[in-house]
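Residue numbers (the numbering used here): 19 to 553.
The beta carbon of each residue, even a glycine, is placed where N, CA and C say it ideally should be.
Bear in mind that the values here come from a model prediction, so they are computed numbers and not experimental data.
Shown next, in structure tokens, is the structure this report addresses.
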Amino acid sequence: MATVGAGLLLAAGFASPAESSPQASGKADARGGTLRIDSRSDFDYIDTSLAYFSHSWQIMNATQLKLLSFPDVEGTAGTRIRPEAAAGFPRVSNGGKTYLFTIKKGFRFSDGSPVTAANFQAAIARGLNPKMQSPASSFLDDVAKYRTVGQYGLEVTLKTVAPDFLARMSMPFFSAIPVNRPIVPEGVDAPLVSAGPYFIQEWVKQRSAVIVRNPFWNSAKEPWKSLARPAQVNRIEYTFSNSLDATLLRLRRNEVDLGNIPPAAASDLAREFGLNKGRFFIRKNLVFWYLALNNDSALFKGNVKLRQAVNYAIDRPQIVRQHGYLGGGRTDQILPPGMPGFKDGKIYPLEGQNANTRKQATALAQGNTRGGKAVFYAFNTAPGPAIAQVVQFNLKQIGIDVEIKQFDRTVQHDKVGTRGEPFDISHSGWGADYPDPYNFINVLLDGKKIQATNNVNEAYFNNPAYNAKMEKASRLAGNARLTNYGNLDIDIMKNQAPLAPYIVTNARVFVSQDVGCYNFSPVNATTNLVAVCKK
Numbered sequence: 019m020a021t022v023g024a025g026l027l028l029a030a031g032f033a034s035p036a037e038s039s040p041q042a043s044g045k046a047d048a049r050g051g052t053l054r055i056d057s058r059s060d061f062d063y064i065d066t067s068l069a070y071f072s073h074s075w076q077i078m079n080a081t082q083l084k085l086l087s088f089p090d091v092e093g094t095a096g097t098r099i100r101p102e103a104a105a106g107f108p109r110v111s112n113g114g115k116t117y118l119f120t121i122k123k124g125f126r127f128s129d130g131s132p133v134t135a136a137n138f139q140a141a142i143a144r145g146l147n148p149k150m151q152s153p154a155s156s157f158l159d160d161v162a163k164y165r166t167v168g169q170y171g172l173e174v175t176l177k178t179v180a181p182d183f184l185a186r187m188s189m190p191f192f193s194a195i196p197v198n199r200p201i202v203p204e205g206v207d208a209p210l211v212s213a214g215p216y217f218i219q220e221w222v223k224q225r226s227a228v229i230v231r232n233p234f235w236n237s238a239k240e241p242w243k244s245l246a247r248p249a250q251v252n253r254i255e256y257t258f259s260n261s262l263d264a265t266l267l268r269l270r271r272n273e274v275d276l277g278n279i280p281p282a283a284a285s286d287l288a289r290e291f292g293l294n295k296g297r298f299f300i301r302k303n304l305v306f307w308y309l310a311l312n313n314d315s316a317l318f319k320g321n322v323k324l325r326q327a328v329n330y331a332i333d334r335p336q337i338v339r340q341h342g343y344l345g346g347g348r349t350d351q352i353l354p355p356g357m358p359g360f361k362d363g364k365i366y367p368l369e370g371q372n373a374n375t376r377k378q379a380t381a382l383a384q385g386n387t388r389g390g391k392a393v394f395y396a397f398n399t400a401p402g403p404a405i406a407q408v409v410q411f412n413l414k415q416i417g418i419d420v421e422i423k424q425f426d427r428t429v430q431h432d433k434v435g436t437r438g439e440p441f442d443i444s445h446s447g448w449g450a451d452y453p454d455p456y457n458f459i460n461v462l463l464d465g466k467k468i469q470a471t472n473n474v475n476e477a478y479f480n481n482p483a484y485n486a487k488m489e490k491a492s493r494l495a496g497n498a499r500l501t502n503y504g505n506l507d508i509d510i511m512k513n514q515a516p517l518a519p520y521i522v523t524n525a526r527v528f529v530s531q532d533v534g535c536y537n538f539s540p541v542n543a544t545t546n547l548v549a550v551c552k553k
């Protein structure tokens, strides 16, 4: 999923068990109350077919009912897929290509209507509808057919065996939706009927959102009880667009419970509150940030040497410093360390600039700068502006004058996701939707998946030979799959360089003194709103 920026609502990843123990509070934690959240950026969408930001998926995790999901616990146990609306794992036939899910009876939407197989069929159909331009379509291109079998059976047949299919079905795109939900390319608005523990009651764009309990979710009875989804608080209130400094002050004053923090504040918070002791938390992520080099632009199209030059020219240590204390570790690859299949390729300089790296960058850029002008789309909150300035200086050294254009992160993401937008470089981040290398390499770089809008392939990389390599890797299983992806990661970055990765991040979370049982979702890599509680 696309990532937002600094602080709480950062990205997706997996926390190690040692870092993931729930924190005890000084007094008993209570069920109920209101969880107050400041978010610098608004949601991209609340529509399940379109929402793809990390904090949008944070509310999807709290409001939606999926066929399969992950437990509301931290550590390794929280990364093991399990049935949710499904009565069990699907029955597999047809040589591993046909899956039959049986839906448990009794689930209800927030308007009281029952959940059946037709509601999951509707989600697939809506994701495939070309009018929606849904990112979900890129996860459904191997679906040959799908149908309901009676009232509670859903059968999906694939064109070929896909080892990651069950993991894909855990994504919010494929949550149960009302069968009459309209096709709205801009996304449906609140109140939004949903079948999870909560539903979105109100959304005032750029201002606020309110999430309240689904009145038909009963944790004391089946089919809900066995899911052990705690749904601790009664109400969740979002406030959008406060500055990072204002949110930090509000957190200290106990006026808000969760929120984005300035990267520069991390070291002071660690000294004052310690790490993972109840107020300031660090969690490892399967998240990387990068510069997308637009292969559709006149500057980078067919210009491998210049793309490689950018990777040699950028000062990764200096860029990483802008993320602040414990912000993360340097990288030059697409797959983050910790992702199955990762292999360290040692491709581009991670230790900073020196005479040799500058010489390599200059030699690659010579004769390939095509006028020497680049438009850089940056986001306007820390660390975006500072990183843009570092990159601007770095690329000046190889003959590229960079014009920086700053936007709200949501606006920037929408712009660069629209094919034809006049940019050359975009600053972006990506976190795992599920723990498989397909979700980084194929999702971000398979050119066959490019559409008119809502693209996550912000490099617009579309190389037929590499599209074929990605498809081949996706059909493999086990160690062969992971080895192939590890080698492909190195191959793409060394020989094509469509991106310039620079950091694998940590999530840094500061909470108010009223937050009790803090919980970090190891799959969504955000605070788990279903499990966190107030004191």
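Assigned secondary structure, Phe318 (DSSP; H/G/I helix, E/B strand, else coil): In the three-state reduction of the DSSP assignment, Phe318 falls in the coil class.
message: Is the separation between the beta-carbon of Pro519 and that of Ile352 shorter than 8 angstroms?
response: A Cβ-Cβ contact shorter than 8 angstroms links Pro519 with Ile352.
message: With H, G and I counted as helix, E and B as strand and the rest as coil, what does DSSP make of Tyr484?
response: Three-state result, Tyr484: helix.
task: Select from Val541, Ala246, Pro335, Arg270 the residue whose C-alpha is nearest the C-alpha of Asp451.
output: Minimum Cα distance to Asp451 is reached at Val541.
- request: Would you mind listing the beta strand (DSSP E) stretches within the segment 343-396 that are 3+ residues and don't spill past its ends, in chain order?
  value: For the segment 343-396, whole beta strand (DSSP E) runs of length 3 or above, ordered along the chain, are 346-348.
message: Using the three-state DSSP reduction, which class does Trp221 fall into: helix, strand or coil?
response: Of the three classes helix, strand and coil, the one that applies to Trp221 here is strand, per DSSP.
task: Write down the C-beta distance between Ser152 and Leu68 rounded to the nearest angstrom, noting that I regard them as a contact closer than 8 angstroms.
output: Right, the Cβ-Cβ distance comes to about 6 angstroms (below 8 angstroms), so this counts as a contact.
- request: Only counting runs of 4 or more residues, tell me where the alpha helix (DSSP H) segments fall wholly within the segment 408-474, in order along the chain.
  value: If we require 4 residues or more, the alpha helix (DSSP H) runs fully inside the segment 408-474 come out as 427-434, 456-463.
field: 8 angstroms Cβ cutoff met for Phe318 and Trp448
entry: 8 angstroms or more divides the Cβ of Phe318 from the Cβ of Trp448.
- prompt: Can you tell which of Asn475, Val202, Gly214 has the C-alpha that lies nearest to the C-alpha of Phe127?
  reply: It is Gly214 whose Cα lies nearest to the Cα of Phe127.
message: So, at 6 angstroms on beta carbons, what are the nonlocal neighbours of Thr428 in its own chain, with the 5 sequence-adjacent residues on each side left out?
response: Excluding sequence positions up to five before and after Thr428, its CB lies within less than 6 angstroms of the CB of Ser59, Asp60, Asp62, all in the same chain and listed in chain order.
query: From what residue to what residue does the beta strand (DSSP E) around Pro519 run?
result: Membership of Pro519 in the beta strand (DSSP E) is indicated by the continuous run 517-528.
- request: Measure the CB-CB distance between Ala20 and Ser444 and report whether it falls below 8 angstroms.
  value: Contact: no.
message: Please report the straight-line C-alpha distance between Asp426 and Phe397, rounded to a whole angstrom.
response: Going by the C-alpha atoms only, they are around 6 angstroms apart.
message: Within 8 angstroms, do at least three Cβ pairs link the segment 527-546 to the segment 265-281?
response: In this structure the segment 265-281 lies against the segment 527-546, because at least three pairs of beta carbons, one per stretch, are closer than 8 angstroms.
- prompt: Within this structure, are the beta carbons of Glu240 and Gly106 separated by less than 8 angstroms?
  reply: Taking 8 angstroms as the Cβ cut-off, Glu240 and Gly106 do not qualify as a contacting pair.
- request: Mind reading off the beta-carbon distance from Asp333 to Gly370? Whole number of angstroms is fine, and I expect it under 8 angstroms.
  value: At roughly 6 angstroms, the Cβ-Cβ gap stays under 8 angstroms, so Asp333 and Gly370 are in contact.
query: What do you get for Asn374, buried or exposed, if any count of 16 or more other CB atoms within 10 angstroms of its CB means buried?
result: Burial call: exposed.
field: Where Glu173 sits in the DSSP three-state scheme
entry: It is a strand residue.
- request: Could you check how far apart the C-beta atoms of Leu324 and Ala383 are, in whole angstroms? I think they sit under 8 angstroms.
  value: Confirmed, Cβ separation roughly 6 angstroms.
query: With which residues is Ser87 paired in a DSSP beta bridge?
result: According to DSSP, which records beta bridges pairwise, Ser87 is partnered with Arg100.
message: Applying the 10 Å Cβ sphere with the 16-neighbour rule, what's the burial state of Ala534?
response: Checking the sequence, you will find Gly at residue 534 rather than Ala. Buried: at least 16 other Cβ atoms inside 10 Å.
- prompt: Using 8 angstroms as the Cβ pair cut-off and three pairs as the minimum, do the segment 352-361 and the segment 400-418 touch?
  reply: Result no; under three Cβ-Cβ pairs closer than 8 angstroms.
- request: Grab me the residues of Arg186's own chain with a C-beta within less than 6 angstroms of its C-beta, minus the 5 sequence neighbours each way, in chain order.
  value: Hits under 6 angstroms: Phe157.
- request: Out of Lys302, Ala141, Asn472, Arg98, state which residue places its alpha-carbon closest to the alpha-carbon of Lys84.
  value: Nearest Cα to Lys84 within the set Lys302, Ala141, Asn472, Arg98: Ala141.
- prompt: Does the Cβ of Asn457 have 16 or more other Cβ atoms within 10 Å, making it buried, or fewer, making it exposed?
  reply: Under this definition Asn457 is a buried residue.
field: Identity of the residue in Ala135, Leu267, Glu255 nearest Leu287 by Cα
entry: Looking at the Cα atoms, Leu267 is the closest of the given residues.
query: Can you tell me where the alpha helix (DSSP H) with Ser253 in it begins and where it stops?
result: A small fix is needed here, since residue 253 is Arg in this sequence, not Ser. Run containing Arg253: none in the alpha helix (DSSP H); it sits in the beta strand (DSSP E), 253-258.
- prompt: What span of residues does the alpha helix (DSSP H) with Asn137 cover, start to end?
  reply: Run containing Asn137: 135-146, per the alpha helix (DSSP H) assignment.
message: Mapping the DSSP letters down to three states, classify Trp554 as helix, strand or coil.
response: Outside the displayed range of the chain (19 to 553) lies residue 554, so it cannot be described from this structure.
message: Quick check on Gln82: buried or exposed, where buried means 16 or more other Cβ atoms within 10 Å of its Cβ?
response: Under this definition Gln82 is a buried residue.
task: Measure the alpha-carbon distance for Phe88 versus Ala238 and round it to whole angstroms.
output: Looking at the two C-alpha atoms, the distance is approximately 20 angstroms.
query: With C-beta atoms as the reference, is Ser72 less than 8 angstroms away from Thr544?
result: Yes, they are a contact pair.
message: For Phe299, report the span of its beta strand (DSSP E) as first-last.
response: Boundaries of the beta strand (DSSP E) around Phe299: 298-311.
field: Member of Asp65, Asn475, Glu439, Val550 whose CA lies at the smallest distance from the CA of Val608
entry: Because the chain here runs from 19 to 553, residue 608 falls outside it and cannot be looked at.
- prompt: So is Asp362 buried or exposed if we call it buried at 16+ other beta carbons inside 10 Å?
  reply: Exposed: under 16 other Cβ atoms inside 10 Å.
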